[in-house]
Amino acid sequence: MKIQCPHCKSSCTNRKSNQVSPMYREITFTCDNLECGHVFVAAISPIRTISLSSMPDLSVHIPLSSRIRKDDLVKTMGTAYSGKS
Ligand SMILES: [Zn+2]
């Protein structure tokens, strides 16, 4: 994963990654510009669901995109609660 340095706008390289929880990951980045030298931690977290999981974990709560069809949601949740696949 490449992202832009917030200070000098050069590319940055991820050096390590830590899955803090199922909903939150921290990634340490180092700026590729040696004159800048910025090292920082960024976070990744799901913010909305665009396509429903076929294996939903009912303890995971991610807001749904307005693009999700209600009949798909009812079908998926019904399967999850009944344990059928
Ligand atoms: Zn930089």
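Each residue of the sequence shown is one higher than the last, beginning at 0 in numbering that gives the first Met the number 0. Each residue gets a CB set at the ideal place from its N, CA and C atoms; glycine is no exception. A quick note: this is a predicted structure, and the numbers were derived from the prediction, not measured.
Could you spell out the range, first to last residue, of the beta strand (DSSP E) harbouring residue i?
i	result
E25	Y23 to C30
S58	Taken as a continuous stretch (DSSP letters only), S58 belongs to no beta strand (DSSP E), as it is neither H nor E.
K15	S10 to S20
Can you find a heavy atom of ligand 1 that lies under 8 Å from the Cβ of residue i?
i	result
G36	yes
H60	no
K8	yes
N13	no
Below 8 Å on the Cβ atoms is my contact criterion, and I expect residue i with residue j to pass it. Report the Cβ-Cβ distance as a whole number of Å.
i	j	result
S65	I49	Rounded, the Cβ-Cβ distance is 10 Å, inconsistent with contact.
D71	L51	6 Å
I2	A42	Actually they are not in contact, since the Cβ atoms of I2 and A42 sit about 12 Å apart, beyond 8 Å.
N13	M22	The pair is not a contact, with the Cβ atoms about 19 Å apart (cut-off 8 Å).
Quick one: is residue i buried, meaning 16 or more other Cβ sit within 10 Å of its Cβ, or exposed?
i	result
K74	exposed
>> Can you confirm whether the segment 26-33 touches the segment 6-13 when touching is taken to mean that 3 or more C-beta pairs between the two stretches lie within less than 8 Å?
In response: yes
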